[in-house]
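Chemist:
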Amino acid sequence: MKELIGLSKEELEAEVINLGEKPFRAKQIWQWIYFQGVKSFEEMTNLSKDLRQKLANSFTITRPKVITEQISKDKTHKRLLEFTDGERVEMVYIPEEDRGAVCLSTQVGCAMGCKFCHTGSQKLTRNLTAAEIVGQFMVARDAYHEWPSPTHETRYLSNIVVMGMGEPLQNLENVAKALNILTAGDGIAISRRRITMSTSGIAPQIVPALKATGVRLAVSLHAPNNELRSQIMPINKRYPIEKVLEACKSYQSDDGSRYITFEYLMLKDFNDTPECAKELIALMKKYSLRALFNLIPFNPWPGCSFEPSLPEKVKAFSQMLEKAGFAAPIRVARGQDILAACGQLKSKTTLPKSS
428 MKELIGLSKE ELEAEVINLG EKPFRAKQIW QWIYFQGVKS FEEMTNLSKD LRQKLANSFT
488 ITRPKVITEQ ISKDKTHKRL LEFTDGERVE MVYIPEEDRG AVCLSTQVGC AMGCKFCHTG
548 SQKLTRNLTA AEIVGQFMVA RDAYHEWPSP THETRYLSNI VVMGMGEPLQ NLENVAKALN
608 ILTAGDGIAI SRRRITMSTS GIAPQIVPAL KATGVRLAVS LHAPNNELRS QIMPINKRYP
668 IEKVLEACKS YQSDDGSRYI TFEYLMLKDF NDTPECAKEL IALMKKYSLR ALFNLIPFNP
728 WPGCSFEPSL PEKVKAFSQM LEKAGFAAPI RVARGQDILA ACGQLKSKTT LPKSS
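Going by this note's numbering, the first residue of the sequence shown is number 428, and it counts up by one from there.
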């Protein structure tokens, strides 16, 4: 049977017409799925029993299955999710006092092989479908009882960061389709300005990503020059810093209101020196980029040789960037104790697949 979650509005309408129904029924079904969050066709009470039966005979509305759940001492919540083929990803919810961000995965594993990232030690298995990406957020909505979609500003699931497992720009078609579903005003209705998509630097896809999604961009930079970056990010050999920053400049020329966040992982005695900070400042000025830096304490994971920078070195690094006119907040690590922090996600476990 065909999965309805993940279909665009046009695709859903075509399926409804194929059933011999009027096109407006598609809008009703869409709102039941994405505004009300129902899990069965029987709950779609403004549809006739005959139509509900026809839908049940041909289609499914499926959530990923929650295999395990862990809650950090700082309340970060990590879930291991399983899809219908048995493949798994991790999804994280990072709460604040009156809001929170859901961190979505886009691939099972990752092909980037970044040396500091736990996910990169798990080889890429496959891309996630639009249904599987949207389904992760729907699982979070179920858990926090945010159905129907809140129509006011206060919502616990207020932001989305596409920074989980995988490289989003290597799965842009499905990611864009999923984000367009998640931002549709008559459904889940997350504002595009509250969604940030991160990339390791797939330069040719940066501008297409903006045009396809309209969300915010974060670039995992992590080094100020090609020599250092290539040591920790193999993708840099294909798309060196110059190509990435040229694409970022084009991204900003298409939308002058956008700032780019550069993610910068602070690695002890590797990229945390004053000389590195000076190089970063020179790079930003060379390309005239409107940028801010997100300085990330390294989150250790088993088997990784890197160590976190000393707090005083991170603070000094931040101060140099800010003195040059660039915002450079130091991210507070969340969920480290349950391996839910940045760069710690990995779904291949010794747990048996569910039957």
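Even glycine gets a Cβ: it sits at the ideal position worked out from N, Cα and C.
The structure presented is a predicted model; accordingly, all values stated were derived computationally and were not measured.
1) Based on Cα-Cα distance, which residue from Lys505, Ser467 and Thr489 lies nearest to Gln480?
2) Return the CA-CA distance between His810 and Leu710, expressed in angstroms with no decimal places.
3) Helix, strand or coil, according to DSSP, for Ser732 in the structure here?
4) Once DSSP output is grouped into helix, strand and coil, what is the label at Gly527?
5) Please state whether the Cβ-Cβ distance between Val642 and Met624 is less than 8 Å.
6) Per DSSP, which residues does Arg515 bridge with? Please list them.
7) Are the CB atoms of Ala557 and Val529 within a distance shorter than 8 Å?
8) Looking at the structure shown, is Met693 part of a helix, part of a strand, or coil, going by DSSP?
9) So who's on the other strand from Tyr520, going by DSSP bridges?
10) For Ala483 and Arg506, what's the separation of their Cα atoms in angstroms?
11) List the residues that DSSP assigns as beta-bridge partners of Thr495.
12) Assuming Val741 contacts Asp682 (C-beta within less than 8 Å), just tell me the rounded distance between them.
13) If you run the structure through DSSP and keep just helix, strand and coil, what is Ile432?
14) With DSSP run on the structure shown, which of helix, strand or coil describes Ala718?
15) Would you identify the three-state DSSP class for Gln549, choosing helix, strand or coil?
16) What are the partner residues of Gln534, as DSSP defines its beta bridges?
17) Which residue comes first and which comes last in the alpha helix (DSSP H) that contains Arg643?
18) When burial is assigned at 16 or more other CB atoms within 10 Å of the CB, is Asn369 buried or exposed?
19) Tell whether a beta-carbon distance below 8 Å holds between Leu648 and Phe697.
20) Rounding to the nearest angstrom, what Cα-Cα distance links Phe543 and Ser736 in this structure?
21) Just checking my contact of Gly527 with Leu446 at CB under 8 Å: how many whole Å lie between their CB atoms?
22) Just the C-alpha distance for Lys695 and Thr489, rounded to the nearest angstrom, thanks.
23) Decide if His504 is buried, meaning its Cβ has at least 16 other Cβ atoms within 10 Å, or exposed.
24) At what residues does the beta strand (DSSP E) containing Ser625 begin and finish?
25) When the Cα atoms are used, what is the spatial distance from Gln771 to Trp457?
26) In chain order, what residues of the same chain have a beta carbon less than 7 Å from the beta carbon of Ile723, not counting five sequence neighbours either side?
27) Between Lys604, Ser657 and Ser677, which has its C-alpha nearest Pro631's C-alpha?
28) Compute the Euclidean distance between the alpha carbons of Leu707 and Asn652, then round it to the nearest angstrom.
29) Run through the DSSP bridge pairs and tell me what Ile587 is partnered with.
Modeler: So, from the data block:
1) If we check each option's Cα against that of Gln480, Ser467 comes out closest.
2) Lying before the first or after the last residue shown, residue 810 is absent from the chain, which here runs from 428 to 782.
3) If DSSP states are grouped into helix, strand and coil, Ser732 belongs with coil.
4) Strand, per DSSP.
5) Yes, they are a contact pair.
6) DSSP, once it has assigned bridges, lists Glu509 as partnering Arg515.
7) A distance of 8 Å or more separates the beta carbons of Val529 and Ala557.
8) If DSSP states are grouped into helix, strand and coil, Met693 belongs with the strands.
9) In DSSP, Tyr520 forms a bridge with His504 and Val529.
10) Just so you know, the alpha carbons of Ala483 and Arg506 end up roughly 28 Å apart.
11) Thr495 is bridged to Leu507.
12) About 31 Å; that fails the 8 Å criterion.
13) It is coil, neither helix nor strand.
14) DSSP, reduced to helix, strand and coil, places Ala718 within a strand of the structure shown.
15) The answer is coil: DSSP assigns Gln549 none of H, G, I, E or B.
16) Assignment of beta-bridge partners to Gln534 by DSSP yields Asn554.
17) No alpha helix (DSSP H) holds Arg643; the beta strand (DSSP E) holding it covers Arg643 to Ser647.
18) Not covered by the structure: residue 369. The range shown for the chain is 428 to 782.
19) No. Outside cutoff.
20) Whole-angstrom Cα-Cα distance: 13 Å.
21) Taking a contact as a CB-CB distance under 8 Å, the pair Gly527 and Leu446 does not count as one, their CB atoms being some 38 Å apart.
22) Cα-Cα distance, rounded: 44 Å.
23) When all chains shown are included, His504 counts as buried.
24) For Ser625, the uninterrupted beta strand (DSSP E) run begins and ends at Ile622 to Thr626, by DSSP.
25) For Gln771, the predicted structure reports a pLDDT of 48, less than 50, and the residue's modelled location is therefore unreliable. The matter cannot be settled from this model.
26) When the five nearest sequence neighbours on each side are left out, the beta carbons in the same chain lying within less than 7 Å of the beta carbon of Ile723 are those of Glu690, Tyr691, Leu692, Met693, Arg758 and Cys769, in order along the chain.
27) The candidate whose alpha carbon is nearest that of Pro631 is Ser677.
28) When the Cα atoms are used, Leu707 and Asn652 turn out to be separated by approximately 8 Å.
29) Ile587 is bridged by DSSP to Val529 and Ile622.
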